[in-house]
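With the working numbering, the residue at position 40 of the sequence shown is 82, and numbering never jumps.
Idealized CB from N, CA, C, for every residue including glycine.
Take a look at the structure below.
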Amino acid sequence: MSQKVRLRIFWICAAGFACIYFLVAKNLPPWGHYRGPYGDVISSLSVYERHATDVVNAIDYDYRGFDTLAEEFILFTSVLGVMMLLRPPERKATPSATAEESMSPAVQLAALPCFAILILFGLYMSTHGQLTPGGGFQGGVIIASAPMLVYVAEHFRAFKRITSHPLVEGLEAAGAAGYAVIGVTAFAAGVPFLTNWVPLGVTGKVFSSGTIAAISACVGLEVATAFLLLSYTYLAEIIADAGKTK
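Okay, here's the thing in C-alpha cells:
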C-alpha cells in the first residue's frame, strides 16, 4: 500500500474520530462531578464479595468485565490493522549499517540486568493486580518495554529475532482468546458469561479473587505481545524508509 493511500485512509479515519470525540466530549459531566453512589457501593463491597483488595481490578475484570473484554479486542484489532497497513509482503526491512551498530559494552552490560528486572516486574504486576495497584494492562506494557532494551543495546536484527516470530503473534491471539474462554467456562458452571464462579480463595493471597487473577494474566499476555508486534512493525517501517532515502 502506497504512502498516499495510507495518508488518505488516516485522514478519513481521523476526521470521523474527531467528530465522534466532539459529540461525546461535549456531553461529559464537569470534572469532579458526583455521579451517584455506584462507586461508593463497589468500593465497600469488592473485598467482601470478590476477595480482591484492589478495587480497580475487581471492576475491570469482574463487575465490568464485559467492557474490558471489548477494550482488549479493540487493542487486538488495532494491532492487526497496523500490521496489515505497514507490513506488505513484498517489502523487507533491510537494516542500514547505522541500524546494525551495537552500543558500547557499558550499555550492553547495563541492559542485561534491566531486561530481566523489567520482565520480572511486569510479571509481578500482571499476576498481583488483584492485591495491589497494577494488573494486566500495566504489566503487559512493562514486559513489552524489556525487548526495547535489546534494540537499544544491540541492533535491529537482535530485536527482530525476539519480536518478529510466529510465536509472538500466536501468544497475542491466545491472550485475547483466553479472556473470552474464561468467560465461556462460566456456562459449564451453569452461570452467565464472565461470572466469577471459581473459588475466591483467601483475601490478600496470590490465588484469591477467582477469575480476576486469571483474566489479568491473559490481558497481560495480550498487551505485552501486542506492543511487541507494534514496536517491531514501526521499527521495520522506519528502517525500510531510511534505506530508501540513501
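- Taking all protein chains in view, the Cβ of residue 261 is crowded by 16 or more other Cβ atoms within 10 Å, so the residue is classified as buried.
- Residue burial annotation: residue 270 is buried, with at least 16 other C-beta atoms found within 10 angstroms of its C-beta.
- For residue 113, the enclosing alpha helix (DSSP H) starts and ends at 107–128.
- Using a C-beta cut-off of 8 angstroms, the segment 270–285 makes contact with the segment 119–128, since at least three inter-stretch Cβ pairs fall below that distance.
- Taking a cut-off of 8 angstroms for Cβ pairs, the segment 242–259 and the segment 89–108 touch, as three or more such pairs fall below it.
- A direct Cα-to-Cα measurement between residue 192 and residue 158 gives close to 11 angstroms.
- Shown here for residue 256: same chain residues with a beta carbon closer than 7 angstroms to its own, the five before and five after excluded, namely 224 in chain order.
- According to the DSSP assignment, residue 196 belongs to no alpha helix (DSSP H), since it is labelled neither H nor E.
- A residue is called buried when at least 16 other Cβ atoms come within 10 angstroms of its Cβ; residue 153 meets this threshold and is buried.
- In the displayed model, residue 53 falls within a helix according to three-state DSSP.
- Each residue's CA atom was taken as its position, placing residue 240 and residue 252 some 5 angstroms apart.
- In summary, residue 116 is exposed, with fewer than 16 beta-carbon neighbours lying within 10 Å of its beta-carbon over all protein chains present.
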